[in-house]
């Protein structure tokens, strides 16, 4: 485009800005509106793809929105701590995701681990140390009760001292947000949840519910219940044109589309400035199914990504145009995005149609400084499988073209709203093909061609200026006497053709998620055992890990404990690597007991081996011991005396005797001797002369033996 034509185009767009009521948009764009997006996106001076923030932004930030589905870090609204002895066990973050109503929170990344969102509350797999609550951004949405019960009060000295910092009225009207609470690991946690310090979060959100003019029966050609003035009829979609049209009409606080002062995001155009009847054809193009080499199909053009209010309108328009290999065109005073597609020429001219005496500007071969001379396209887009990071699509190039051009002519289109590698390839291939079509013309046509508009395709059969050429109108300007000055660029009928089997390239890049090194394992299944000896829990065994520096013995009672939840366990003792036994005396009756053994290696405790349960039933409880046992010898006899146990389950005692002090040699010398609790008992043993020993053993009313008292020794004469 020559200098004179550029000046005309710049003046024209300034005029259009006044017509559409957005001169800022027009002036910001300058003559960019009249240049193909293939040229714009490929220009070295254009902005690179915007890397999305991966951590929540802090402080005053611009309002933002989400087209389709995107991963966003959000902006921090509030943060506080609660719980535990010092009120610091839990950290709570309240994070705004979008300044409009959203469709759904699909999931989120905790550091690099993706978790599907299953609903408000505790998140499975994090040892009850993580909970998430989501609000979609409706007007009357309720504050999560978790916030109302845990948020601190305003401190002393504040005007609202003592009052809660969050109340039920703090709804976050019209803002989609999450509340995430995470609990810090204990300092001695054997398998900490947060191995990298504070966790980082990235939220995968299905965003804006959009208006579809195709689904509006009040729009010419439309059919359905959608109505612009009734946001409740809207539905989620990533159709690029529907997203773009909703943005152009504006996103309003609380969906109050009838109150201009409530405009938060977008251009805020009226139906006159952005006619809905212009939408259907382009939206249908975006929905066309495109075959994939792996099988199946995908919609031709989708928009999935984030935008913010601090972006120039023209930058957002270019994001849409770039995502569909399209162009920005002006139709009847409104600016539209025309997706990349082949179309039939609507005008046909010959050299005889040119205005006599006007200049024809011609370019057939580009110069080295021409940005639209291209043989290699390396598009970058947002790849969901790589945590929604910028990713390079397979490079589109023709080796023959590189050789013919004596070197690469590479460009990198900015595809901020593309999350499909195959869509990125299609857009890049269109840019590459257009980069091989070099003919440019500037002509003046008479008044009968006053209807030629920006974006029209025109067939020119020329004997003097390059033969038969298929051209696209890059700019049009009506001058004096209704003469139409046109800037033309060469196009082809097949520039947007796509054969998946031939054109789709395999993405050779590989995303590797290295395996996390395993932790310290639990002891082997047969290394340790647990039993009840009386009312004592006894753990016995031997270490089967040569690297264990110490052994931890723990117990739990009641319901089955979680091996990974430290709060479920109580320490019995720790021992060295050679420890073989641990005991817990005084266990309760009719209660299940579990034991756990774990090894400590290099200061880190490993997994628990859980043993049990074992229980001590009330009918198995032995009576208390006999006390004050004595033997008084006589001639041919001995008097044995004792005091009975005081435990309520005591029933009787049995006296044993032997000629040695080893109970293994003893035999019962009495029957069941009953008496009162704590009463003195006596037994006269008639026996031959000699040295003898006696023992007394109590029994419960369920015949459970108690501890054996004795021996006492005496000499019978």
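Numbering (the UniProt record's numbering), first residue to last: 1 to 717. Where is the CB? At the ideal position from N, CA and C, for every residue including glycine.
Check: Candidates 717, 419, 77, of which the one nearest residue 632 by Cα; Outcome: 717
Check: Residue environment, residue 280, which counts as buried when at least 16 other CB atoms sit within 10 Å; Outcome: buried
Check: Member of 160, 105, 112, 113 whose CA lies at the smallest distance from the CA of residue 135; Outcome: 105
Check: Distance CB(residue 460)-CB(residue 349) smaller than 8 Å; Outcome: yes
Check: C-alpha gap between residue 498 and residue 72, whole angstroms; Outcome: 32 Å
Check: Span separating the alpha-carbon of residue 57 from that of residue 326; Outcome: 32 Å
Check: Proximity of residue 500 and residue 291 at Cβ, strictly below 8 Å; Outcome: yes
Check: Touch test, the segment 403-418 against the segment 359-379, Cβ-Cβ under 8 Å, three pairs minimum; Outcome: yes
Check: For residue 319: DSSP bridge partner residues; Outcome: Its beta-bridge partners do not exist; DSSP assigns none.
Check: Alpha helix (DSSP H) segment containing residue 241, residue limits; Outcome: 240-249
Check: Residue 472 in three-state terms, based on DSSP; Outcome: strand
Check: Same chain, Cβ closer than 8 Å to residue 558, neighbours up to 5 away in sequence not counted; Outcome: 591, 592
Check: Under 8 Å between C-beta atoms of residue 444 and residue 476; Outcome: no
Check: Pair within 8 Å by beta-carbon distance, residue 360 and residue 442; Outcome: yes
Check: Beta-carbon proximity check, residue 609 vs residue 531, cutoff 8 Å; Outcome: no
Check: Cβ contact check for the segment 89-109 and the segment 255-266: 3 or more pairs under 8 Å; Outcome: yes
Check: C-alpha gap between residue 144 and residue 120, whole angstroms; Outcome: 9 Å
Check: Spatial distance of residue 175 from residue 137 (CA atoms); Outcome: 4 Å
Check: Reduced DSSP category for residue 464 - H, G, I as helix; E, B as strand; rest coil; Outcome: coil
Check: CA-to-CA distance, residue 66 to residue 783, given in whole angstroms; Outcome: Because the chain is modelled from 1 through 717, residue 783 falls outside the range shown and cannot be assessed.
Check: Rounded straight-line distance, which links the Cα of residue 586 to that of residue 655; Outcome: 27 Å
Check: Beta-carbon proximity of residue 696 to residue 710, cut-off 8 Å; Outcome: yes
Check: CA nearest to the CA of residue 185, picked from 672, 432, 198; Outcome: 198
Check: Alpha helix (DSSP H) runs wholly inside the segment 62-111, at least 4 long, in chain order; Outcome: none
Check: Inside the segment 156-222 only - beta strand (DSSP E) runs reaching at least 3 residues; Outcome: 176-183, 201-210
Check: Close Cβ partners of residue 715 (< 6 Å) along its chain, the five nearest in sequence each way excluded; Outcome: 633, 691
Check: Strand pairing of residue 391, partner residues [DSSP]; Outcome: 381
Check: Limits of the unbroken beta strand (DSSP E) element including residue 539; Outcome: 536-541
Check: Identified DSSP bridge partners for residue 722; Outcome: Outside the modelled stretch of the chain, which goes from 1 to 717, sits residue 722, for which no answer is possible.
Check: Distance CB(residue 645)-CB(residue 621) smaller than 8 Å; Outcome: no
Check: Endpoints, the beta strand (DSSP E) within which residue 133 is located; Outcome: 130-135
Check: Distance between beta carbons of residue 589 and residue 547, contact taken as under 8 Å; Outcome: Residue 547 to residue 589, Cβ: 40 Å. No contact.
Check: Which of helix, strand or coil DSSP assigns to residue 651; Outcome: strand
Check: Rounded separation between residue 207 and residue 284 - CA only; Outcome: 21 Å
Check: Reference residue 494; option with closest CA among 431, 541, 440, 505; Outcome: 431
Check: Whether residue 549 touches residue 601 by CB criterion (8 Å); Outcome: yes
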